[in-house]
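Visitor: Dropping the structure in here first, questions after.
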Amino acid sequence: MERVAVLDFETTGLSPDLGDRPTEIAIAVVEEGRIVDRYQSLMNPGRRIPAFVTELTGITNAMVATAPAVAEVMREAARFVGALPVVAHNASFDRKFWVAELQRLALDADSPFACTMLLSRRLYPECSSHKLGVLVEALQLPKPGRAHRAMVDAEMASHLWCRIGADVTERYGVKPVSHALLARVQSTPRAKLDRVLMQQPCAA
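Residue numbers (full-length UniProt numbering): 1 to 204.
So this is what it looks like as structure tokens:
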């Protein structure tokens, strides 16, 4: 599989449109089925983290008080990702924070995103839930630590991304499995999935 950046945000809330800001970002660069590079940083969101968010993530106001500003971290994150296509679990959430923060800095925010949650719904319909932790358990993927911290979630999503690519190759003979193909698959109705994937070039 091609080189991609798998990212995860922790934030003060659900929407940048409501004034929420990131508190942490992690990015795992994945190539040929393994993580080859990482970036992680807390950041000071410039507003208080609600108690329920701290309970979920373990990130406290004291932890971010001395962290770099969001602008500084996001500039570094954008440089780290560069022109790589991006992957996230529940990507609509992470993408809106990525776009909002890069637009604040007048930086390019047009990276193509693929979503492991949408893909898992197409490929693993038998799973009781398509939350990241449930999929990791169901597919027996590595779980590197506490969920809802950015690097742990980014690494789990990375392992899921690699498993998805491997399963597409095994089931349909498709190789290579590109980011663009999986971005198409995630929006393909399940009933049409076999037809779309069987039309792709097969491994030799």
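Glycine is no exception: its CB is placed at the ideal position from the N, C-alpha and C atoms.
Keep in mind the model is a prediction, meaning the values are calculated, not measured.
So what does DSSP say about Q103, is it helix, strand or coil?
Guide: Start at 1 with the first residue of the sequence shown, and residue 103 comes out as number 103. If DSSP states are grouped into helix, strand and coil, Q103 belongs with the helices.
Visitor: Let me confirm a value: E10 is counted as buried when at least 16 other C-beta atoms fall within 10 Å, else exposed. Which label applies?
Guide: Numbered from its first residue, the sequence shown carries residue 10 at position 10. Result: buried.
Visitor: Output needed for P50: all residues of its chain with C-beta closer than 8 Å, excluding positions within five of it in sequence on either side, in chain order.
Guide: Working through the sequence shown from its first residue, we reach residue 50 at position 50. The residues are T12 and G13.
Visitor: Once you ignore the five residues that flank A88 on each side, which residues in its own chain have a CB closer than 6 Å to its CB?
Guide: Locating residue 88 in the sequence shown gives position 88, counting from the first residue. Closer than 6 Å at Cβ, skipping near neighbours: L7 and D94.
Visitor: If Y39 sits next to A77, beta carbons under 8 Å apart, how far is it from one beta carbon to the other, in whole angstroms?
Guide: Against the sequence shown, residue 39 aligns to sequence position 39. Against the sequence shown, residue 77 aligns to sequence position 77. That pair is a contact at about 6 Å.
Visitor: Among V30, Q140 and Q186, whose alpha-carbon lies nearest the alpha-carbon of L123?
Guide: Position 123 of the sequence shown, counted from the start, is the residue given in the question as residue 123. The shortest C-alpha separation from L123 is found at Q186.
Visitor: Check whether the Cβ atoms of E2 and S111 lie closer than 9 Å to each other.
Guide: Counting from 1 along the sequence shown, the entry for residue 2 is found at position 2. Counting from 1 along the sequence shown, the entry for residue 111 is found at position 111. Their beta carbons are not under 9 Å apart, which means E2 does not touch S111 by this criterion.
Visitor: Does any residue of chain C bring its CB to less than 9 Å from the CB of E24?
Guide: Among the chains of the structure shown, chain C does not appear; only one protein chain is present.
Visitor: Among all the DSSP beta bridges, which residues are the ones paired with Y39?
Guide: Position 39 of the sequence shown holds residue 39. I27, per the DSSP bridge assignment.
Visitor: The alpha helix (DSSP H) that contains A51, what's its start and end?
Guide: Locating residue 51 in the sequence shown gives position 51, where the first residue counts as 1. Residues A51 to T57.
Visitor: Between which two residues does the alpha helix (DSSP H) containing T11 stretch?
Guide: Indexing the sequence shown from 1 puts residue 11 at position 11. Unbroken run through T11 is the beta strand (DSSP E), V4 to T11; no alpha helix (DSSP H).
Visitor: Can you list, in chain order, the residues of its chain whose CB lies under 6 Å from that of L193, leaving out five sequence neighbours each side?
Guide: Here residue 193 refers to the residue found at position 193 of the sequence shown. Contacts found: R122.
Visitor: Evaluate R149 with the Cβ neighbour count: other Cβ atoms within 10 Å of its Cβ, from every protein chain shown; 16 or more gives buried, anything less gives exposed.
Guide: Counting from 1 along the sequence shown, the entry for residue 149 is found at position 149. Buried is the call here.
Visitor: What are the start and end residues of each continuous alpha helix (DSSP H) run of 4 or more residues lying completely inside the segment 107-164, in chain order?
Guide: If we require 4 residues or more, the alpha helix (DSSP H) runs fully inside the segment 107-164 come out as 116-123 and 132-138.
Visitor: Quick check on DSSP: helix, strand or coil for R195?
Guide: Working through the sequence shown from its first residue, we reach residue 195 at position 195. Note: R195 maps to helix in three-state DSSP.
Visitor: With which residues is L69 paired in a DSSP beta bridge?
Guide: Along the sequence shown, one-based indexing puts residue 69 at 69. The question names Leu, but residue 69 in the sequence shown is Ala. In the DSSP output, where bridge partners are listed per residue, A69 has N44.
Visitor: Going by other Cβ atoms of all chains shown within 10 Å of its Cβ, with 16 needed for buried, is P176 buried or exposed?
Guide: The residue you call residue 176 lines up with position 176 of the sequence shown. The residue is exposed, with fewer than 16 neighbouring Cβ atoms inside 10 Å.
Visitor: Near G165, what residues of its chain come up, given a Cβ to Cβ distance below 6 Å and the 5 sequence neighbours on each side ignored?
Guide: As a working note, residue 165 is residue 165 in the sequence shown. Here the set comprises M1 and V177.
Visitor: For V41, count neighbouring C-beta atoms within 10 Å of its own C-beta (all shown protein chains included) and say buried if the count is 16 or more, exposed if not.
Guide: Your numbering for residue 41 matches position 41 in the sequence shown. Residue identity differs from the one stated: residue 41 is Ser in this sequence, not Val. Buried, since its Cβ has 16 or more Cβ neighbours within 10 Å.
Visitor: Sort R190, N44, P189 and L132 by Cα distance to R163 and report the nearest one.
Guide: Residue 163 sits at position 163 when you count from the first residue of the sequence shown. Considering only alpha carbons, the answer is L132.
Visitor: Does the structure place the segment 102-111 close enough to the segment 27-39 that three or more beta carbon pairs sit under 8 Å?
Guide: No: the two stretches stay apart, fewer than three of their Cβ pairs being nearer than 8 Å.
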